[in-house]
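Colleague: Just dropping this structure here.
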Amino acid sequence: MYKLISTLILSVSSISANAICTQQNLAGTWHDYAITTVSVADCTFIIDSKGLLNQSSVCYNFTATSDLSPINVSAGYFKIDKSCNITGSLGANNGVNAFFKGQLDKSKASFTGISRNSTGNLALHNFVKE
């Protein structure tokens, strides 16, 4: 009995570990909590089934000297491959952030990544699906 349970657990684990991701996994509303070299951002991104960002996506920037500075997201996209690697870009009123590395987790409910904007500032992102 224990051997059967162990075999089933291993089978389920390997399915999760080898899960194949599709563009549909990114569709929906995501909350992004980002730490940059100069600020902290709290963003809401709406991603369609093609990976395009809805223009009502917005970020609020917090710095050491100011709070709730809105950043309007005017354009952007996220693409995902079968191995759950994510790439993309964000176009905003403060410069373009090139989201050049990310990874969707096994639950497909969150992903982390790093970006660099046009002035060279880096950001660490943590996305959580609504």
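Numbered according to my numbering, the sequence shown terminates at residue 279, and the numbering increases by one at each position without gaps. Cβ atoms here follow ideal geometry from the backbone N, Cα and C, with glycine treated the same way. Remember, predicted model here, so these are calculated numbers, not experimental data.
Quick one: does the C-beta of F248 sit closer than 6 Å to a heavy atom of the ligand FAD?
Modeller: In terms of ligand content, the structure shown is empty, and the ligand FAD therefore cannot be addressed.
Colleague: Tell me the DSSP bridge mates of V189?
Modeller: Its beta-bridge partners are I184, F211.
Colleague: Could you work out which residue in L175, T171, A190, K231 is closest to N210 when comparing CA atoms only?
Modeller: Nearest C-alpha to N210: A190.
Colleague: Counting Cβ pairs closer than 8 Å, one from the region 263 to 275 and one from the region 179 to 194, do we hit at least three?
Modeller: Touching, yes, given that three or more Cβ pairs across the two stretches are closer than 8 Å.
Colleague: Could you tell me which residues DSSP puts in a beta bridge with Q252?
Modeller: Note: Q252 sits in a beta bridge opposite N234, T261.
Colleague: Mind checking who N221 pairs with in its DSSP beta bridge?
Modeller: Bridge partners of N221: V207.
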